[in-house]
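If you're matching them up, the sequences are chains W, P, E and B in order. The numbering of the first sequence is numbering that gives the first Met the number 0, which starts it at 0 and goes up by one. The numbering of the second sequence is numbering that gives the first Met the number 0, which starts it at 0 and goes up by one. The numbering of the third sequence is numbering that gives the first Met the number 0, which starts it at 0 and goes up by one. The numbering of the fourth sequence is numbering that gives the first Met the number 0, which starts it at 0 and goes up by one. Where a beta carbon is used, it is the ideal one built from N, C-alpha and C, also for glycine. Computed from a predicted structure; not experimentally measured. All remarks here apply to the structure that follows.
Protein chains: 4
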Amino acid sequence: MPGNTFGSFFKLTTFGESHGVAIGGIIDGCPAGIQLNLEAIQQELDRRRPGQSAIVTQRKEADEVIFLSGIFEGVTTGTPIAFEIKNQDAKSKDYSHIKDVYRPSHADFTYQKKYGHRDYRGGGRSSARETASRVVAGALAKQVLKNISFHAFTYSVGELSLKKTVEEIDFSLTEKSITRCPDPKLASKMEAYIKNVRKQGDTVGGVVACVIKNVPVGLGEPVFDKLHAELGKAMLSINAVKGFEIGSGFEGTKMLGSEHNDKIKKDETTNSNFSGGVQGGISNGMPIYFKVAFKPVATLMQDQKSIDIHQQEANVKGKGRHDPCVVPRAVPIVEAMAALVILDQLLLHQARKEFNL
Amino acid sequence: MPGNTFGSFFKLTTFGESHGVAIGGIIDGCPAGIQLNLEAIQQELDRRRPGQSAIVTQRKEADEVIFLSGIFEGVTTGTPIAFEIKNQDAKSKDYSHIKDVYRPSHADFTYQKKYGHRDYRGGGRSSARETASRVVAGALAKQVLKNISFHAFTYSVGELSLKKTVEEIDFSLTEKSITRCPDPKLASKMEAYIKNVRKQGDTVGGVVACVIKNVPVGLGEPVFDKLHAELGKAMLSINAVKGFEIGSGFEGTKMLGSEHNDKIKKDETTNSNFSGGVQGGISNGMPIYFKVAFKPVATLMQDQKSIDIHQQEANVKGKGRHDPCVVPRAVPIVEAMAALVILDQLLLHQARKEFNL
Amino acid sequence: MPGNTFGSFFKLTTFGESHGVAIGGIIDGCPAGIQLNLEAIQQELDRRRPGQSAIVTQRKEADEVIFLSGIFEGVTTGTPIAFEIKNQDAKSKDYSHIKDVYRPSHADFTYQKKYGHRDYRGGGRSSARETASRVVAGALAKQVLKNISFHAFTYSVGELSLKKTVEEIDFSLTEKSITRCPDPKLASKMEAYIKNVRKQGDTVGGVVACVIKNVPVGLGEPVFDKLHAELGKAMLSINAVKGFEIGSGFEGTKMLGSEHNDKIKKDETTNSNFSGGVQGGISNGMPIYFKVAFKPVATLMQDQKSIDIHQQEANVKGKGRHDPCVVPRAVPIVEAMAALVILDQLLLHQARKEFNL
Amino acid sequence: MPGNTFGSFFKLTTFGESHGVAIGGIIDGCPAGIQLNLEAIQQELDRRRPGQSAIVTQRKEADEVIFLSGIFEGVTTGTPIAFEIKNQDAKSKDYSHIKDVYRPSHADFTYQKKYGHRDYRGGGRSSARETASRVVAGALAKQVLKNISFHAFTYSVGELSLKKTVEEIDFSLTEKSITRCPDPKLASKMEAYIKNVRKQGDTVGGVVACVIKNVPVGLGEPVFDKLHAELGKAMLSINAVKGFEIGSGFEGTKMLGSEHNDKIKKDETTNSNFSGGVQGGISNGMPIYFKVAFKPVATLMQDQKSIDIHQQEANVKGKGRHDPCVVPRAVPIVEAMAALVILDQLLLHQARKEFNL
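Below, the structure written as C-alpha cells:
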C-alpha cells in the first residue's frame, strides 16, 4: 500500500535511490522448483543499461545483479528472492547545482511537498534507475512463464510511426537496431532523428507497443482487476508514461460496433482482434496487444527557468548525461512489467481453477 | 484480490448480476462523522440510469439505492456502509436466445472459460449494470471530498470531437445536453449522429474527458501506485474502456522536451499543464486532466454470426434494449471512479503526513 | 485494511449493526462450480441463533439468511456472493438508558473515542451479532472443503474443564447437549452451573477447543502468515476472546524438548501431536488442535458503576436479554472462522502448487 | 500474501536463509522526516544476537545491520528502507548430516512437502535467524513511536514463573540478568535451571510477557483487525510460539463477569485491567499487557529417532550450537513485533482521524 510493491501473489517490492548504496528488490511468491538461468536475467538487464548505444545516456553503470536468497542449487525454493544492484557511477557532484531547485516537469517539487525532505541526488527514488529492479523481476517471471512470449518494440518516436499491422511485424528484428524498432528503414530514420534532437540539447517522446503471445484463456479478475486494467496500471507506473491503450484503443472510439466486433470462429479464435486479446477483463486466447505513450524526457541540455524551494526564481542548467529519447531503453521495461502482470494473474487464476470441473 | 474490491483504504466491494435479486456493495473505511446528503447520492445514480433520455437504452430501472448500515442519524459512523439496488426490470426472457451463444466482443466466451459456468442472463456480472454501485460509492466519496470538484464530460463521439482547451470549457453546460458534451453546437451534432447510428441498428464509441480541481499537492504513492496509474486502473476497469491518457497523453509523445516541460512559476503553479496535474506520480496542485476511450457497444440491433458453447456456428439476433453509445451514461461513472481514487489516496497520504514536520 | 474484511483469497467482508436494517456480507473469491446446500448453511446459523436453549440469551431473531448474488441454478458462479440477515427483534428502546453511558468492559468507550460518534443501540457494530455473518461464510467454506472436518466443542466453563484427550472425545456428542460439551456428565454440570450464574445476574467465561481433521500437508505461508498465526488472528477477532493456543500451548512451555518433540513415523504421521498439526507454520497432516479463551460476558443483570460521555459518574442498570456464558453459541463461530482460514490458505497454496513438479 | 510481509501501512518484507549470503528486509511506509539513531537499532539487534551470554547458543554472528536506502543525511525520506545483515558464521558443514533427514518438531518435513525442495542448511528460511530482520524494523518503529514504551521480559522458564503483578515489576531490572527476568532472585534460579537443562542435552520452554505503555486510545480496526488480533498474529508468527493471551487470558475464563469487568473511573482509566488495554478490539489507553508461550527448542544435543525423505528410519544426531531455552533472546523479538503492530495501527488510525471533528 505505501506504493513500492507490485503484484498480489507474485510480488515485487523495490528499494533504492539513484545515488544511494544500491537498488534492488524482493520477489515474494515465486513458485518453488523453477530452474533459473541467471545469465539470461543479466542479459535482460543489459538491454536496459545506460551506455549501451550512441542514442542513450552515456552514464556508465555495470548494473550487475546479485541474488541474496531464495535460490538454492540454481532452483527457486519458494522463499523470497532478494537481489541488489550496486550503484557505481553515482557522480553526486553532478547534482549539487540542483539541490534546492525544482527542475521543470520533474518530481522534485512533488517529492519535496509530499515528504518535506528528499534525496536530491539525481532524482533519488523518482529516478528511472528504479526500473532496473523491475527488469530483474520481469526477466525472472519470463522464465517461470516459459511458453508465453513478450514482444515489446519501439512503435513511434516523435512523428515517426510504424505503419505495419501486428501480424506484419518480424519481432526478430527488434534487437537488430539500437532504436528497437523492428522496421529497419524506419529504425534508421528514428536513429537519425534522435541524434539530431540530442544535438539541439532537446529530447523527444515516443510510443512502445507490446504483443504477448500464448496467454491462456481466463486470466484477469473481474470487475476491478480486469487484465487490461492491471496492465494499464503496470505501464502507467513506469517513469514518463502518459498513456495506455489496448487493442483498438483511442482509434477504436471512432468505429461502429459492426466494424469493431471481433467475430468468433469455430476454433474459438476471432477473425479480428480489436479487443487486443481481452474481453470483459479476461484474456481470450488471442495475442494481447497494447501501446504505451512516453513523454519527452524532462532533463534538457538547455538552460531552463524555474523556481527553488524558497519560491525564488532559479535557473536549471543543462548538464549531466541523459537520454534524448527514453523509448529504446523502455522496451525491456515494458516487457518486464507485462511479465509481472501475467504471472501474477496466472497464479491467481490457478488458485481456483481446479475447482471448476 | 479476487477482483471485486477497489481501493485500499476507502474500499468498495461490489456484488450482483444484472438479472439477480439486487446489486450493491460495501464501502469500508469511510471516515466517521461525515454528514451525508442521501438525496444527492440518488441524483448521481439518476445521471447513470437507463431510460433517462432518447439516446440511451430504454430499459426501465428505478435504480433506487437503499443503505443498510454504517450511517446513524444521517452521519457516517466509521463502520461499513452497505447498500443495495434492487433489480426490477429484469426481463430474463430476453436473454434465453443467447443462453448457449457467445456474443461477439462480449464477455460470454471468457466468463464461460474462466468459470466453467455463468449467469447468461444479460451479461450477469459482466454487465455494465455493476457500475451503478460504483456511482453510489463515488457520490458518497464526493461528499467526503467537499472542496474537490470532478468534471467529466463527453469529449468525442465517433469522429465528432471537442476542439476547446480545458480552460475554455464551461462545465455548467455539461448537464444541459443529453449527450453531456459541454459545447452546445457539438452536442446537437452528437445527438443527431447517435440517433442515426441507432436507426441503423449500430453503435459507436467515444471519449470521456475529466478534470479534477483543487486536489491538494502530494497525493499518489511512488513508485508503483502513482496517482495516474491508480486513475488509469480505475478507468480501465469500467466496462468498454480501451484506453486512458493523462495530460498530453499520446499526442505528447510527438512533442520535444523543450515544448512539453511545464515551467514552474513563483506561486508554485505551472504555466502549462502537459503533465495533467501529476509529476512523478504525485499530484502537483494543478488540475488533473485525463481522457478515457470507450469502444462502440458490442450489442447490435443486427444479426451477427458467432459460435455456441459446443463450438458450433450460431446466430446472434439483434434484440433487447441497449445503448447506441455508452458515453453519455459513462460520464458519472468516470467521475465516480475518479472520486474513489482521490479519496483513497488522500486517506493514505494523511496517514503519514503529520510526521512531516 | 479498514478491518471489515477477512481473508486474502476467499474474502469475507461483513457489514451491519445489531439494531440497523440488516447485517450481512460479501464473499469474494469462492471457486465457481460448487453445488451449494443452502439449507445446511441455514442450519449452521441456527446453531448460533439466540433463543435456541435455556442457557443462552432469550432474544428472538429468526436469523434467516438470504443470498443476493453469485449463485445461479444452485451453483457458485465465481462472482461475489452477497447475503443478508434482516434484524427483527431490534428493541431499540432497551438501549436508550445506556445512550450516553460507557458500560464497563464493553466497547462503548473505545468506539466513542475512535469514531467520535457511535450507534449506541445494543453495541452497534461491536455487538457479537456481527458473527452471524461469519457463520454463513464459514458454513459455505465448509461445503467447498468437503473432505475436511471441523469439530469445535465446549472445553471448559469457569473451572469445569474437560479431562479427556482429543483422541478420547466422541464428537457426535457435541450437539447432544445445549452446552456443546461432548462429555455428557460434565455437560450436565456445566448446564447447572451456567443456570446458577445467571440466577445471580452474573456471567462466566470458558474455553472452546477445536480439532480440524484431514487438512492436507502444506497449508500456511511462512514466515509471517504461518497457519497457526492466521488461525490465532481469526479466533482473537471473535468478540470476547482473550487467548489462543495451538497444540501444547501454554502448558507446553513447562515441558522439556525431549518430551515435547513429536517423533515422525515411517508413514509420515507423528506419534504425539504437541505441535497441534502445524510445524514451522505449515500444516503437517496431523489433526490441527487449538483452544480459544472467552472472557465472561460483560453485560450483567446487576447494576454497575461507570461514567458517561461527559466524564460524570453514571449507573449501568442490569437490563435486557443476554448470554450468561457465551461459550455454547461460540462453538459454531469458532468452526466458521477455522473454515475461512483453511479455505483461504488452501487456495493460496494451490496457486503455486502445480509448479512444484 | 505469500507470507513474507508484515503490516499494511508500515510494511516489513523480510528475506534470507540462515546459511545464504545475507538476511534482511525492506521497510515500506515509514513516515518521512524521522531523525534516526542507527546505533540504537544496532543495540537492539545485539540484544537478540547469538553468543551474547552463557545460556544462549554459542554461534558467533556479528549481526551488523547495513542500510541501503531510504535514509538521507540521517533522516528518513519516506521511500523504502532496505537493510541487510551478512551471514558470517555459516558453518554449512554442520548440517550435511541432516540433509535428507526430517528433524522431529522442525519444519524440515513441512517445507519439503510444501515446496518440494528446500535449503536444508540450518533450517534455511525456517530458522529463527529470520527474526533478526524483525528486530531491525521493530527498533526503527520504536524510534518513530517516541512516546510509547515497550517492556517485554521473561515471565517463566519451565515451571519457574514470576509471581508479581505488572504494576510491581521494575522494568529497569530486565536487562540486568542474562535471562531477562526482572526479578533477580527468580532470574538466578532460571539461569541455573537452563544451564542444568543444557548439561543434559535438553531444552525447555517458557513465557515472555510484554507491557506497552502510553498507547493512545483508538488503535485497532474492528471487526477482523482488532488490535489484540493483530498482536496475536504478530506473536504467533515468531518461531516456536504456541500461544498468545491478552489481559486476563485463559485464567480470565474462570472468573465471573462481576469480578472481571474493568470499572471506568472519572479520569477515563479503569480500576483494574483484565482487558489488557484493549476493549472491542480498540486500545483504551490503559497499558497493553499480553503473554507469549514458547515451546522448548526442538534441536537437542541428544540422538533422536526420525525418518528421512525416502520414508526410511533415520537418526538425528545431537550436534551444533543451539539455544537450550529461546526465551531470553525472544524478549527483543516480542518487543519488535509489538512495535511493528502499534506503528502500523497508529498510521492506519491517523488516516481517518482528522475527519472526526
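CB contact below 7 Å: G32 (chain W) versus chain B: yes
contact_flag[the segment 276–286 of chain P, the segment 212–221 of chain P] where n(CB pairs < 8 Å) is 3 or more: yes
Strand pairing of S148 (chain B), partner residues [DSSP]: B:K212
Under the three-state DSSP convention, the category A329 (chain W) falls into: helix
Cut-off 8 Å between Cβ atoms - residues of its own chain near L339 (chain P), not counting five sequence neighbours on either side: F5, G6, F9, L11, R133, A136, G137, A140 and A233
Inter-stretch contact (C-beta, 8 Å, three-pair minimum) for the segment 49–61 of chain B and the segment 80–87 of chain B: yes
CB contact check: Y192 (chain E) to chain B, cutoff 7 Å: no
The segment 169–185 of chain E touching the segment 144–157 of chain E, judged by at least three CB pairs closer than 8 Å: yes
N270 (chain E) burial status per 10 Å Cβ neighbour count (16 or more: buried): exposed
Environment of T268 (chain E) [buried if 16+ CB atoms lie within 10 Å]: exposed
Alpha-carbon spacing of R117 (chain W) relative to V326 (chain W), whole angstroms: 27 Å
Cβ pair T252 (chain E), G251 (chain B) closer than 7 Å: no
Beta carbon proximity, F66 (chain P) to chain B, threshold 7 Å: no
Under 7 Å from the C-beta of A350 (chain B): neighbouring residues of chain P: F8, L346, L347, Q349 and A350
Residue-level contact to chain P via CB, F71 (chain E), 7 Å cutoff: yes
With 16 other Cβ atoms within 10 Å as the buried cut-off, status of A53 (chain W): exposed
Residue environment, G121 (chain B), which counts as buried when at least 16 other CB atoms sit within 10 Å: buried
Whole-angstrom distance between P79 (chain W) and S282 (chain E), CA atom to CA atom: 20 Å
Buried or exposed by the 16-neighbour rule on C-beta atoms within 10 Å, applied to A239 (chain P): buried
Own chain residues within Cβ distance below 6 Å of N213 (chain B), not counting five before or after: N146 and I147
Distance between A39 (chain B) and I70 (chain B) (C-alpha atoms, nearest Å): 15 Å
With 16 other Cβ atoms within 10 Å as the buried cut-off, status of D201 (chain B): buried
7 Å Cβ cut-off: residues of chain B touching D201 (chain E): L255, G256 and S257
Cα-Cα separation between V330 (chain P) and A186 (chain P), rounded to whole angstroms: 14 Å
T298 (chain B) versus E244 (chain P) - alpha carbon distance: 59 Å
Residues that DSSP places opposite Y288 (chain W) in a beta bridge: W:V210
Nearest candidate by alpha-carbon position, reference Q311 (chain P), set P:V100, P:D343, P:P1 and P:G284: P:V100
Secondary structure of G205 (chain W), DSSP reduced to three states: strand
Counted within 10 angstroms of its Cβ, other Cβ atoms place N314 (chain P) as buried (16 or more) or exposed: exposed
Rounded separation between L67 (chain P) and G15 (chain E) - CA only: 7 Å
Beta carbon proximity, A337 (chain E) to chain B, threshold 7 Å: no
Cβ distance (whole Å) where R197 (chain P) is taken to contact P323 (chain P) below 8 Å: 4 Å
Assigned exposure category for S305 (chain W) - 16 Cβ within 10 Å defines buried: buried
Supposed close pair T75 (chain W), P103 (chain W) - CB separation, criterion 8 Å: Their Cβ separation, rounded to whole angstroms, is 44 Å, which puts T75 (chain W) and P103 (chain W) out of contact at 8 Å.
Sequence-distant residues of its chain with Cβ nearer than 6 Å to D343 (chain B) (five each side left out): G6, F8 and F9
Interfacial residues, the segment 127–143 of chain E to chain P, with Cβ spacing under 8 Å: none
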